[in-house]
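**Student:** Numbering (this note's numbering), first residue to last: 216 to 677. Glycine included, every Cβ here is placed at the ideal spot set by N, Cα and C. Computed from a prediction, not measured in an experiment: that's the story for all the values here. This is the structure I want to talk about, given as structure tokens.
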Amino acid sequence: MFLLARLLSPADFGLSGMAGIFYGLSNVLAEFGLGTAVLHMPELDRKALGQLHAFSVMLCAGLFLITILASPWVAGFFHSDHVAFFMVGNVGLFVTGFQAVPLGLLQRDMDYRRLALSEAAMVLVQSGVMLVAALLGWGYWSLLVGAAAGKAMAAVLVCIWKPVPFAWPRLKDIRAPIDMGRHLAVGRLAAAVYSQADGIIVGRIMGDATLGIYQMAMNLASAPAEKVSSLLMRTAAPLFANVMDDKPMVRRYYLIMVEAMSLLILPLMLGLAIVAPLAVRVILGPKWAAAAEPLRWLTLYVILRTMGVLTDQVLVSQKRTNLTMRASLVNFCLMPAAFFAAARWLGPGAVAAAWVMLAPVTMIPMLIVLLRRIELPLRSLGSTLVPSVCGSSVMCLAVYAVRRALEPAQLSAQSGLLLEMTCGAAVYLGVEFIFFRSRFTRYSDFIGGMISKKSRRNPLDL
Numbered sequence: 216m217f218l219l220a221r222l223l224s225p226a227d228f229g230l231s232g233m234a235g236i237f238y239g240l241s242n243v244l245a246e247f248g249l250g251t252a253v254l255h256m257p258e259l260d261r262k263a264l265g266q267l268h269a270f271s272v273m274l275c276a277g278l279f280l281i282t283i284l285a286s287p288w289v290a291g292f293f294h295s296d297h298v299a300f301f302m303v304g305n306v307g308l309f310v311t312g313f314q315a316v317p318l319g320l321l322q323r324d325m326d327y328r329r330l331a332l333s334e335a336a337m338v339l340v341q342s343g344v345m346l347v348a349a350l351l352g353w354g355y356w357s358l359l360v361g362a363a364a365g366k367a368m369a370a371v372l373v374c375i376w377k378p379v380p381f382a383w384p385r386l387k388d389i390r391a392p393i394d395m396g397r398h399l400a401v402g403r404l405a406a407a408v409y410s411q412a413d414g415i416i417v418g419r420i421m422g423d424a425t426l427g428i429y430q431m432a433m434n435l436a437s438a439p440a441e442k443v444s445s446l447l448m449r450t451a452a453p454l455f456a457n458v459m460d461d462k463p464m465v466r467r468y469y470l471i472m473v474e475a476m477s478l479l480i481l482p483l484m485l486g487l488a489i490v491a492p493l494a495v496r497v498i499l500g501p502k503w504a505a506a507a508e509p510l511r512w513l514t515l516y517v518i519l520r521t522m523g524v525l526t527d528q529v530l531v532s533q534k535r536t537n538l539t540m541r542a543s544l545v546n547f548c549l550m551p552a553a554f555f556a557a558a559r560w561l562g563p564g565a566v567a568a569a570w571v572m573l574a575p576v577t578m579i580p581m582l583i584v585l586l587r588r589i590e591l592p593l594r595s596l597g598s599t600l601v602p603s604v605c606g607s608s609v610m611c612l613a614v615y616a617v618r619r620a621l622e623p624a625q626l627s628a629q630s631g632l633l634l635e636m637t638c639g640a641a642v643y644l645g646v647e648f649i650f651f652r653s654r655f656t657r658y659s660d661f662i663g664g665m666i667s668k669k670s671r672r673n674p675l676d677l
């Protein structure tokens, strides 16, 4: 991403973001929650899986034809004349059709090695193709071609590892997974609309260059947390699906996930918020300077969003998909109006701030329902967050003190950024090691046992 930011313009990223919004919404319908239904319904036999597989492919093919017809209207909505780019941008829907059921089976089997390999292959192919295409001068097309190539590679691998035969869909045989998928699809579509509403409104009102800057800020804010949390989230869905009826185990794993993510993500995000102006100038270059303001707000939002995603995962495992759907619909009603007002009168920084201001509206009620559902006291959740909150608070104070102390020295931006990052990391690790060493020892012992060749424990025996 850093290399592409220097090879391409904000307008290139903005156009790709517009097409990405269109594709993201279409892909939610294409997935239709079928992979999640396969994960949470182990009673599905091979015949039903084959019917779901065929249903998924036919659904995605139909949606691709619809997006082709809708592309001119979408391009006109964004005041763009790149209609062909919007048309081709949805070719990944075909891949989704073949991927949904095999991927759900890999998750159900908790085959983390192959899941990790498929994701690694996707990232490597996507990055390589994007960079080569950008160096060849393909401009915004390089972003589209790379994304399609990466997704195709991951789909080929999961289909080879978990082949599923095709069978003609019969509604009476697959009604239950389709009903569950429908609840998930409606909720996810509403979530996708409101989560993409900021980009839609910024692109519509402010143009592709401003959207490119805003999307870069979102990418910078999301990437560290997503790469870290995906290691745990990939485990969370099948893990909670396996222990859904055992409340003590659900509570235990939920607290472990919360603690692990907070220890990793909270200092990353708060640290990025503090050094945002320097980081943007040093890493991306001066043409991206306007991304610093929205970046600060978005890093705070990503902290809340990551914890909210875990809450949703547990609620889905408890078969509360109707609740997650209603929460998404509430956000669907609230967020676009807030984004429009912010973009119309205040600018992209205010659009990012709206995420932080309105995030608790649905996240807090969802958390309350979850805590009651699994009978977890709020004080237990609070005590789990103490190490990360204490360490991150001291880290922020230390970075601020270093910045004030270095002001007379007038160091270069690169040197200043390096010193602030080093100081922040050292202080955070020092606080955790001195005051909360037992927490880290527990995780290091567990990870050592998992990777040891002598370990033969069940994956659930955390």
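Report the three-state DSSP secondary structure of residue 630 (helix, strand or coil).
**Tutor:** Position 415 of the sequence shown, counted from the first residue, corresponds to residue 630. It is helical.
**Student:** Taking the runs of the alpha helix (DSSP H) that are 4 residues or longer, which of them lie wholly in the stretch 441 to 512?
**Tutor:** Listed in chain order, they are 462 to 489, 491 to 494.
**Student:** Within a Cβ cutoff of 8 Å, which residues of the same chain sit near residue 516, ignoring the five residues on either side of it in sequence?
**Tutor:** Within the sequence shown, residue 516 is the residue found at index 301, counting from 1. Answer for residue 516: 436, 567, 570, 571, 574, listed in chain order.
**Student:** Apart from the five residues on each side of it in sequence, which residues of its chain come closer than 7 Å, Cβ to Cβ, to residue 286?
**Tutor:** By 1-based counting over the sequence shown, the position of residue 286 is 71. Cβ within range, chain order: 298, 301, 302.
**Student:** Does the beta-carbon distance from residue 431 to residue 217 come in below 8 Å?
**Tutor:** The residue given as residue 431 occupies position 216 in the sequence shown. The residue given as residue 217 occupies position 2 in the sequence shown. Contact: no.
**Student:** If you draw a straight line from the C-alpha of residue 416 to the C-alpha of residue 426, how long is it?
**Tutor:** Walking along the sequence shown from the start, residue 416 turns up at place 201. Walking along the sequence shown from the start, residue 426 turns up at place 211. Approximately 9 Å, taken between the alpha carbons.
**Student:** Specify the secondary structure class of residue 570 as computed by DSSP and reduced to three states.
**Tutor:** On the sequence shown, position 355 is the one that residue 570 refers to. Helix at residue 570.
**Student:** Tell me the residue span of the alpha helix (DSSP H) that contains residue 589.
**Tutor:** In the sequence shown, residue 589 corresponds to position 374, counting from 1. Segment: none, residue 589 is in no alpha helix (DSSP H) and carries neither H nor E.
**Student:** Can you give me the C-alpha to C-alpha distance between residue 606 and residue 649, rounded to a whole angstrom?
**Tutor:** Here residue 606 refers to the residue found at position 391 when the sequence shown is read from its first residue. Here residue 649 refers to the residue found at position 434 when the sequence shown is read from its first residue. If I take the Cα positions, the gap works out to 10 Å.
**Student:** Using a Cβ-Cβ cut-off of 6 Å (strictly less than) and excluding sequence neighbours within five positions of residue 654, which residues of its own chain qualify?
**Tutor:** Mapped onto the sequence shown, residue 654 falls at position 439. Excluding residues within five positions, the ones whose Cβ falls inside 6 Å are 602.
**Student:** Can you name the start and end residues of the alpha helix (DSSP H) that residue 254 belongs to?
**Tutor:** Working through the sequence shown from its first residue, we reach residue 254 at position 39. Segment 249 to 255, the alpha helix (DSSP H) holding residue 254.
**Student:** Does the stretch 524 to 543 come close enough to the stretch 455 to 475 to have 3 or more Cβ pairs within less than 8 Å?
**Tutor:** At 8 Å Cβ cutoff, the stretches touch.
**Student:** Quick one: give me the first and last residue of the alpha helix (DSSP H) that residue 341 is part of.
**Tutor:** Here residue 341 refers to the residue found at position 126 of the sequence shown. Counting along the chain, the alpha helix (DSSP H) containing residue 341 begins and ends at 327 to 350.
**Student:** Can you give me the C-alpha to C-alpha distance between residue 219 and residue 346, rounded to a whole angstrom?
**Tutor:** Within the sequence shown, residue 219 is the residue found at index 4, counting from 1. Within the sequence shown, residue 346 is the residue found at index 131, counting from 1. In a straight line, the C-alpha of residue 219 is about 7 Å away from that of residue 346.
**Student:** Can you round the beta-carbon distance between residue 395 and residue 252 to whole angstroms, since I take them to be within the 8 Å contact cut?
**Tutor:** One-based indexing of the sequence shown puts residue 395 at position 180. One-based indexing of the sequence shown puts residue 252 at position 37. 5 Å between Cβ atoms; contact.
**Student:** To the nearest angstrom, how far is it from the Cα of residue 489 to the Cα of residue 617?
**Tutor:** For the purposes of this step, residue 489 is taken as the residue at position 274 of the sequence shown. For the purposes of this step, residue 617 is taken as the residue at position 402 of the sequence shown. Near 12 Å, if we compare the C-alpha coordinates of residue 617 and residue 489.
**Student:** Comparing alpha-carbon positions, which option in 292, 271, 341 lies nearest residue 313?
**Tutor:** As a working mapping, residue 313 is identified with position 98 in the sequence shown. Here the closest residue by C-alpha is 271.
**Student:** Please determine whether the Cβ atom of residue 653 lies at a distance below 7 Å from any heavy atom of the ligand SAH.
**Tutor:** Within the structure as shown, the ligand SAH is missing, as the structure has no ligands at all.
**Student:** Report the rounded CA-to-CA distance for residue 496 versus residue 483, giving the unit in angstroms.
**Tutor:** The count along the sequence shown starts at 1 and reaches residue 496 at position 281. The count along the sequence shown starts at 1 and reaches residue 483 at position 268. Spanning the two alpha carbons is a distance of roughly 18 Å.
**Student:** In angstroms, rounded to a whole number, what distance separates the CA positions of residue 669 and residue 476?
**Tutor:** Start at 1 with the first residue of the sequence shown, and residue 669 comes out as number 454. Start at 1 with the first residue of the sequence shown, and residue 476 comes out as number 261. With a pLDDT of only 44 at residue 669, under 50, the local geometry of the prediction cannot be trusted, and no value is derived from it.
**Student:** Would you say the stretch 375 to 384 touches the stretch 241 to 251, given that touching needs at least three Cβ pairs under 8 Å?
**Tutor:** These segments do not touch.
**Student:** Closer than 6 Å by C-beta to residue 366: which residues in its own chain qualify, once you throw out the five before and the five after it? Chain order, please.
**Tutor:** As a working mapping, residue 366 is identified with position 151 in the sequence shown. Same-chain partners within the cutoff: 307, 310.
**Student:** Hey, would you say residue 479 sits closer than 8 Å to residue 491, going by beta carbons?
**Tutor:** Reading the sequence shown from its first residue, position 264 is the one you call residue 479. Reading the sequence shown from its first residue, position 276 is the one you call residue 491. It is not a contact, given that the beta carbons lie outside the stated cut-off.
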